[in-house]
Structures are given as C-alpha cells and as structure tokens.
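Colleague:
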Amino acid sequence: RDAKNLMYQCSLATEIHHNDIFPEVSRHLSVGPSNCTPTLNGEKHRIFLQSSDIDEKSFRRDSFILNHKNEISLLSTDNPSDYSTLQPLTRKSFPLYPTHAGFYWSEPEYINGKGWHASVAVADQQGVFFGVTVKLPDLITKSHLPLDDSIRVWLDQNNHLLPFSYIPQKIRTQLENVTLHDGWQQIPGFLILRTTLHGPGWSLVTLYPYGNLHNRILKIILQQIPFTLTALVLMTSAFCWLLHRSLAKPLWRFVDVINKTATAPLSTRLPAQRLDELDSIAGAFNQLLDTLQVQYDNLENKVAERTQALNEAKKRAEQANKRKSIHLTVISHELRTPMNGVLGAIELLQTTPLNIEQQGLADTARNCTLSLLAIINNLLDFSRIESGHFTLHMEETALLPLLDQAMQTIQGPAQSKKLSLRTFVGQHVPLYFHTDSIRLRQILVNLLGNAVKFTETGGIRLTVKRHEEQLIFLVSDSGKGIEIQQQSQIFTAFYQADTNSQGTGIGLTIASSLAKMMGGNLTLKSVPGVGTCVSLVLPLQEYQPPQPIKGTLSAPFCLHRQLACWGIRGEPPHQQNALLNAELLYFPGKLYDLAQQLILCTPNIPVINNLLPPWQLQILLVDDADINRDIIGKMLVSLGQHVTIAASSNEALTLSQQQRFDLVLIDIRMPEIDGIECVQLWHDEPNNLDPDCMFVALSASVATEDIHRCKKNGIHHYIIKPVTLATLARYISIAAEYQLLRNIELQEQDPSRC
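Quick note, the sequence shown lines up with residues 1 to 754 if you use UniProt numbering.
(1) Below 9 Å between beta carbons: does that hold for Leu-698 and Met-635?
(2) Within 10 Å of its beta-carbon, does Val-683 have 16 or more other beta-carbons around it, so buried, or fewer, so exposed?
(3) Any idea if Glu-347 is buried or exposed, counting beta-carbon neighbours within 10 angstroms, 16 or more meaning buried?
(4) Between Thr-352 and chain C, is any beta-carbon pair separated by less than 9 Å?
(5) Quick check on Glu-571: does DSSP put it in helix, strand or coil?
(6) Going by other Cβ atoms of all chains shown within 10 Å of its Cβ, with 16 needed for buried, is Thr-179 buried or exposed?
(7) Got a sec, what are the start and stop residues for the beta strand (DSSP E) Cys-678 sits in?
(8) Any heavy atom of the ligand NAP inside 8 Å of the beta-carbon of Gly-589?
(9) In three-state DSSP terms, what is Pro-751?
(10) Under the three-state reduction of DSSP, which class applies to Lys-525: helix, strand or coil?
(11) Using DSSP with H/G/I as helix, E/B as strand and the rest coil, what is Arg-742?
(12) Hey, is the region 409–427 in contact with the region 444–452, meaning 3+ C-beta pairs nearer than 8 Å?
(13) Here's the rule: buried if 16 or more other CB atoms are within 10 angstroms of the residue's CB, otherwise exposed. What is Gln-658?
(14) With DSSP collapsed to three states, give me the class of Val-205.
(15) Can Phe-190 and Pro-209 be called in contact, C-beta distance under 9 Å?
(16) I think Thr-195 touches Leu-204, with their Cβ atoms under 8 Å apart; what is that distance to the nearest whole Å?
(17) So, using beta-carbon positions, are Pro-271 and Val-255 closer together than 9 Å?
(18) With a threshold of 8 Å, are at least 3 pairs of Cβ atoms found where one atom belongs to the region 622–631 and the other to the region 738–746?
(19) Reducing DSSP to helix, strand and coil, say where Trp-252 ends up.
(20) To the nearest angstrom, report how far apart Pro-250 and Leu-242 are at their CA atoms.
(21) If you reduce the DSSP assignment to three classes, tell me which class Val-530 lands in.
(22) If I follow the unbroken alpha helix (DSSP H) through residue 765, where does it start and stop?
(23) Smallest Cα separation from Asn-177: which of Ile-460, Leu-6, Asn-159 and Leu-681?
(24) Let's see if you can read the secondary structure: which residues bound the alpha helix (DSSP H) around Ala-238?
(25) What would DSSP say about Leu-462, mapped onto helix, strand or coil?
(26) Have a look at Ser-402 and Arg-441 and give me their C-alpha separation to the nearest angstrom.
(27) Comparing alpha-carbon positions, which option in Asn-650, Leu-621, Val-445 and Leu-663 lies nearest Thr-644?
(28) Taking the continuous beta strand (DSSP E) assigned at Ile-719, which residues delimit it?
(29) DSSP puts Gln-185 in a beta bridge; with which residues?
(30) Report back the beta-carbon spacing between Ile-732 and Leu-617 to the nearest angstrom; my notes put them in contact at under 8 Å.
(31) I think Arg-461 touches His-428, with their Cβ atoms under 8 Å apart; what is that distance to the nearest whole Å?
(32) Relative to the alpha-carbon of Asn-5, which residue among Leu-161, Phe-129 and His-117 has its alpha-carbon at the smallest distance?
(33) Sort Glu-672, Leu-612, Asp-363 and Leu-665 by Cα distance to Glu-748 and report the nearest one.
(34) Leaving out the 5 sequence neighbours to the left and right, which residues in its chain are closer than 8 Å to His-434 when beta-carbon positions are compared?
(35) For Pro-588, which residues in the same chain have their Cβ closer than 6 Å to its Cβ, ignoring the five residues on either side in sequence?
(36) What are the partner residues of Arg-152, as DSSP defines its beta bridges?
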C-alpha cells in the first residue's frame, strides 16, 4: 500500500519548491560507473521523496524510486547520513514479473548492524519502480500482536524456516512432521495459527502453548465476569421492564377484556391506541367481535322464531298425545268391556258339567279370547310407550306366585304341543322384591309365549338366578332358533324372523322397552336348529333375603335340586304324596307353599279345582255396565261368595249405611260420581258401617297414572278387565286375610261345595 501511494503521489506531483529540500536527507545514486551525475528525472525523484507526505512507520527503513537506468533515489527513515552502508538496489534485485497483485518482492538480505531487510515495489507504465525497504522483524511485530508467550516463525514457500526466524529444535522437528495449512491446527502442546503473506509467498506461523493459553483465557474470563454479569443484569432488567411495559401490561388488558367477553355481552372492545402488532391484534379481535355481535343478534332472532315454532309444535304434539291417550283409553274401555263378558262367560261355562267335546270347545274359546286380549294389550302398550305416557308402578312383589302366573299362560298351548315345562329358582334369590309386578309378568308372558310359538318339540325352561345385586330371568327353548343376521333386528318393532308365523311382531319390542324402563336390559342368544335363550336382567333395589326352610321331604328326584335351594333335603318317595304332581315342575309357587305346609304341618284346606276360596265374604260389586254386573256377579257366586250389586256410586254409598261389606269391587269410570270419588265419600260417610274395608278397582284402563291415582285415594288393589275366576279368587283371599288381621269374623266356605 505504501508503494502504491508513493507511485500515485509521484504521478500527481507538479511543482516542487527547492527551498524546502535538504541534500543530506535524501540522495540520488547512480549504480553504474558511467552515470555519476544525476539526471533531471533523478533529481526530481529525490526531491519528491523528501517532500512526499507518506507516513513514517517503524518497520520501513527507506523509500526509493528506481528507473530503468538503475538510477535510484533514496529517502531513509533510519539514518539519513549513512547511505554508504546500503547495499545498492538494482532491477536485478526484483523478479521479472510481479509475485502477487502487481507487487515485486526482493529476496531478504542481512545488513550488518541493521538486520534483515526486504524490498517491495510497484512499477508504472514507464517501468519505474516505486517502493520501500522494510525491516522484517519490525514488520512482523507490527503486523501481528500475539500473546506474550507465543512463538512466531516465518517460513518460505517450501515451508522452510527463513533465516531471520529462530525456534527450538524440538518444536522445529514437530513442525517438519506436520503438513501446515492456513488457519488453526494442533500439534502436541501447541495450538498453531498459520497466515500466508501472498507477496513473497512467506508464511507466519504462531505457536500458542496450551497451558498458558488456557490460563490466559481463564484470566480474561475472570476479569470480565463482574462486568459481564453486571451488564447482563442491567440488560435483563431493562429488557424485563421494557417487556412488562410494552407487552405484558397490554396483554393483561387484552386478557381481561377477552375474559369479560366470555360472560358479558359482546359490547366490550380491546384498546387499539398503539402503532404496533398488538394494535393489529386488537383491531382484528374488535372486528371479530363486531361480526359475532351481528351474527349473535341474527341468531337470537332465529332462535326466538324457532323457539316459538317449537313451542307451538310442542303444544300441538301435546294436544295430539292427549287426544291420543284419551282415545286409547276409550278404545281400551270399549274393547275390554265386551271381552270381560266373553271371558267371564266362557269360564262360567267351564264350571258347568260338559262332555269332552264341549270342554274342548270351551278351552279353545278361552284360549282365543286370551290371545286376543294379549294382542290388544300389546298394541295399547306399544302406543303408550311410543307416546311417552307409559309409567311404572313399583311395589313389593312376591316372586314365586308371579312365576306361576306367567307359566300358567303357556301351560295349555305347551301341553297341546306336548312340550315339557320346567322352572328353576336359584339359591339366594329373594322371594319378595321391589318391582312393577304387572310389567314384569307381561315381559315373562311375552318371552314364554314366543318360546312356545316357535318350539315344536322338546321343551321350555324358565330359570331365575341372582348375580350380586341383579336378578336374571332366562327363558330357553329347543325351537328352530334364529339366524345370526336376524338376531340384531329381533327387538325391532313389527319385525318377524319367520314371515309365516302369526303375531303382531311387537311383543319383544314391548318387552325390551319395559326392561329398559325398569333399569334392566334384554339380550338374546340363539343357535339355528338348537334353540334360543333370552335373558332379562333387572337391578335388585329393595328386597327381602330368602329364609331357608330346614327339613326333609320325600319328593321325586327331579325336585331335589329346587328343594335344596330352599334349604330342604329331598329323599326318594316311598309312597304317593302331593309332591308327585307334575305341575310342581313348573309352578314354583305351588311347590314352595306345599313344601312349607308339609314341613311346618300347617293344615291344608281343600278347595274345589284350586280356585274356591276357603271363606265366604260379603262382596259389593259396583259397575254401571249391565254385562259386567251380570258376568262378574255370577263369577263371584260360582266362587261361593255373597254378592250385592250396585249400578252407581250413589247406590253403593246408600248400601254402605245398611250393610257391612268385606270387599268392595268398584268400577272407576262411572257417570255422575266415578269410582275414586265414591271411595273418598265412603271413607268420609259418618254412618258407614265399615269405612275401612278393602277396595279393589275394576277398570278397563291400563294407564299407570290411573293406577297411581287409585292407590293414592284409598283403593287397595287394581284389577284390569277382563277378569278371570283365578284373579277374583286371588283377591278374595287377599281381602279375607285383610279382614282377619282386623279381627273381623268371617264365614267359612260351605262344606257342601268342597
């Protein structure tokens, strides 16, 4: 750079003032012997060198201008008067071509007392060299400032030490065994930095001892730590304060507004007063709130319109359901009233002397009537379940009599098909539990009826067992089974797996719906060609644990397992006894009562065909329908009871003041004063001979709300028409027990009828 500046300033030099030039400072030398007198250009160059303003540097010894005639002008910065000791420079001292970037470097030379020197020059278009002579040791020191304990050496283009470089032999040997390159590398004990001087092609190699380097670095780090930590704390504090002021506080305000927006109206807006990204966010959020407000207002209007439409539709649906319920009640009443007459007449006919053919016809008529009644019940129940007007009536229920009633419905059809029937009640099954007895019996009747319908050979089995707090009813048959692809649809309304079979297709649907309403479920497993098993699982909420009957009875082997579940040990029968009756295999209630009588030795009062009650009661029958009064009255008489007839509530209230009754059978739907109001007046009548007698409602309504209303207003039991002799006999026995508990004397049954 100094050589180029010298050439550039010389090209710009115009006029030189000789008054400022001192001959002893600069010299013009002619190297050849024929040129002793300086030329005009040589003198000009000498004067230029002295007047030039090139900075003096400690590593530069002199500046020179060398023309093609080997005339040289010198300006020394070391000792201006000592030019005789200079080795003359000639053009031969420089290579023919520049070594790098237009510079010409001479070989290093040693001058006694002056040290090692080298010249560097640039040439102009006329071939004049402008350059400087530098002191190599000073140049090395000024150009590189290594650590104090570092070692510096210069290498030539062949990586050989230059004469002015000194290094211990051990380190020199290590360097010779390493291929050096520019940049950092390592040898044992040292970290090496090589830098190439592109002009002469020399390389400066600096060796840093590892130990000293680490100590110095650590010292520097320790010196800088306090300042660094202080600066870091200050910067962190300033940064946190800036974040708190510029970001945290605005964000907290944003969050507060957003939280208020979640619960308050959409009128609150974010503050948008900044010219930064947060202002953009606030603007976008406020725009979103504006859009939401508009949509919210539109939605509220639509919701109000839809709500009004839904309310109107709901009112219409409720009115339609109400009309439907009233209509169903009327239909039920209209159907059950004649059905009551038909069924009662057939059962009365069966109590008369009939030949075999007549008895068969009567049985057929009764079975057809019961089938028709089941269809009517299912259709009405399905409609009420669909409309959501179906409710349950939970009460304490005796399990074994309920099972007997369910099995009794299939006894006739099963015997006509010559199917075997079995019932088994497992151990720990409670004999009394809380449920809707009517609906549970309805489920079992539907399941058993389906089993008989689709079974041609084999038998039907009803099993009841307990699992923890659940009661499980299993109805299995040996019928033709159901295909796998049809099993998932078997509980669908109006679906029939066998299109050739008879039925409405809603029995299992009703059973499944009732099971769910009672907190249970209905499942089915079937194998085609083997049979089907339907499981009803109900929760046990309130129940009485069974009390085992300890004793020993002579009974058929087929009853031993059932008796053992009740705590009775069975022995083979040695003679004829009551336990040999085949019906006891599928009537567990009768089996339990008989076993209890035999073990406890309680008297067994004989009854006619298992229906005639042991007591004769004074019964008041209140019904506005002539056919009901006629048929039910005759049925009560056939059961050996004393019957008084009343066609209205007023007539019944009048009779209550004239005669005491053990049981009042009263219709609910009657003109003027209905049955419920009549019962209330009965209790309030001061001249009534027995205001607390038992009341049993006779009604064609199957609505659960009617049952609840009756129970709430002092009616003890509820019978749904049509009634049967068995039903009447059962409630007569219940009324007799009720009167006996009240210490009221009863008349025993006429021995002539037994």
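The beta-carbon is built from N, C-alpha and C at its ideal position, and this holds for glycine as well.
Given the structure is predicted, the values throughout are model-derived calculations rather than measurements.
Modeller: Let me spell this out:
(1) Indexing the sequence shown from 1 puts residue 698 at position 698. Indexing the sequence shown from 1 puts residue 635 at position 635. Their beta carbons are not under 9 Å apart, which means Leu-698 does not touch Met-635 by this criterion.
(2) Along the sequence shown, one-based indexing puts residue 683 at 683. For clarity, residue 683 is His in the given sequence; the question names Val instead. By the neighbour-count rule (16 or more Cβ atoms within 10 Å), His-683 is not buried but exposed.
(3) Residue mapping note: residue 347 aligns to position 347 of the sequence shown, counting from 1. Looking at its Cβ environment, which holds 16 or more other Cβ atoms inside 10 Å, Glu-347 is buried.
(4) In the displayed structure, chain C is absent; only one protein chain is listed.
(5) Here residue 571 refers to the residue found at position 571 when the sequence shown is read from its first residue. Strand at Glu-571.
(6) On the sequence shown, residue 179 is found 179 positions in, with the first residue counted as 1. It is exposed - the Cβ of Thr-179 has fewer than 16 other Cβ atoms within 10 Å.
(7) For this step, residue 678 is matched to residue 678 along the sequence shown. No beta strand (DSSP E) contains Cys-678, which is instead part of the alpha helix (DSSP H) from 675–684.
(8) The ligand NAP is not among the ligands present in this structure, which contains no ligands whatsoever.
(9) Start at 1 with the first residue of the sequence shown, and residue 751 comes out as number 751. If DSSP states are grouped into helix, strand and coil, Pro-751 belongs with the helices.
(10) Reading the sequence shown from its first residue, position 525 is the one you call residue 525. Reduced to three states, the DSSP call for Lys-525 is strand.
(11) Working through the sequence shown from its first residue, we reach residue 742 at position 742. Arg-742: coil per DSSP, three-state reduction.
(12) yes
(13) In the sequence shown, residue 658 corresponds to position 658, counting from 1. Exposed, by the Cβ-count rule.
(14) Here residue 205 refers to the residue found at position 205 of the sequence shown. If DSSP states are grouped into helix, strand and coil, Val-205 belongs with the strands.
(15) For the purposes of this step, residue 190 is taken as residue 190 along the sequence shown, with counting starting at 1. For the purposes of this step, residue 209 is taken as residue 209 along the sequence shown, with counting starting at 1. Taking 9 Å as the Cβ cut-off, Phe-190 and Pro-209 qualify as a contacting pair.
(16) To locate residue 195, count along the sequence shown from 1; it is residue 195. To locate residue 204, count along the sequence shown from 1; it is residue 204. The pair is a contact, with the Cβ atoms about 5 Å apart (cut-off 8 Å).
(17) Residue 271 sits at position 271 when you count from the first residue of the sequence shown. Residue 255 sits at position 255 when you count from the first residue of the sequence shown. It is not a contact, given that the beta carbons lie outside the stated cut-off.
(18) no
(19) One-based indexing of the sequence shown puts residue 252 at position 252. Trp-252 falls in the helix class under three-state DSSP.
(20) As a first step, residue 250 must be located in the sequence shown, where it is residue number 250. As a first step, residue 242 must be located in the sequence shown, where it is residue number 242. Rounded to the nearest angstrom, the two C-alpha atoms are 12 Å apart.
(21) If you number the sequence shown from 1, residue 530 lands on position 530. Reduced to three states, the DSSP call for Val-530 is coil.
(22) Within the shown structure, residues of the chain are numbered from 1 to 754, placing residue 765 beyond reach of any answer.
(23) In the sequence shown, residue 177 corresponds to position 177, counting from 1. The shortest Cα separation from Asn-177 among Ile-460, Leu-6, Asn-159 and Leu-681 belongs to Asn-159.
(24) Sequence index remark: in the sequence shown, residue 238 carries index 238 (1-based). Start and end: 210–243.
(25) Position 462 of the sequence shown, counted from the first residue, corresponds to residue 462. If DSSP states are grouped into helix, strand and coil, Leu-462 belongs with the strands.
(26) Counting from one through the sequence shown, the residue named residue 402 turns up at place 402. Counting from one through the sequence shown, the residue named residue 441 turns up at place 441. Going by the sequence as given, residue 402 is Leu instead of Ser. Cα-Cα distance, rounded: 6 Å.
(27) For this step, residue 644 is matched to residue 644 along the sequence shown. Nearest C-alpha to Thr-644: Leu-621.
(28) On the sequence shown, residue 719 is found 719 positions in, with the first residue counted as 1. From DSSP, the beta strand (DSSP E) with Ile-719 extends over 717–720.
(29) Walking along the sequence shown from the start, residue 185 turns up at place 185. BP columns for Gln-185 point to Ile-192.
(30) For this step, residue 732 is matched to residue 732 along the sequence shown. For this step, residue 617 is matched to residue 617 along the sequence shown. With 8 Å as the limit, Ile-732 and Leu-617 qualify as a contact, their Cβ atoms being about 6 Å apart.
(31) As a position in the sequence shown, residue 461 is number 461, starting the count at 1. As a position in the sequence shown, residue 428 is number 428, starting the count at 1. That belief does not hold up - the Cβ atoms of Arg-461 and His-428 are roughly 20 Å apart, past 8 Å.
(32) Reading the sequence shown from its first residue, position 5 is the one you call residue 5. Comparing Cα positions, the closest option is Phe-129.
(33) Numbered from 1 along the sequence shown, position 748 holds the residue referred to as residue 748. Looking at the Cα atoms, Leu-612 is the closest of the given residues.
(34) Mapped onto the sequence shown, residue 434 falls at position 434. Cβ neighbours of His-434 beyond the five flanking positions: Met-394, Glu-395, Glu-396, Thr-397, Gln-541, Glu-542 and Tyr-543.
(35) Walking along the sequence shown from the start, residue 588 turns up at place 588. Hits under 6 Å: Leu-400, Leu-403, Thr-423 and Val-425.
(36) Mapped onto the sequence shown, residue 152 falls at position 152. DSSP, once it has assigned bridges, lists Thr-206 as partnering Arg-152.
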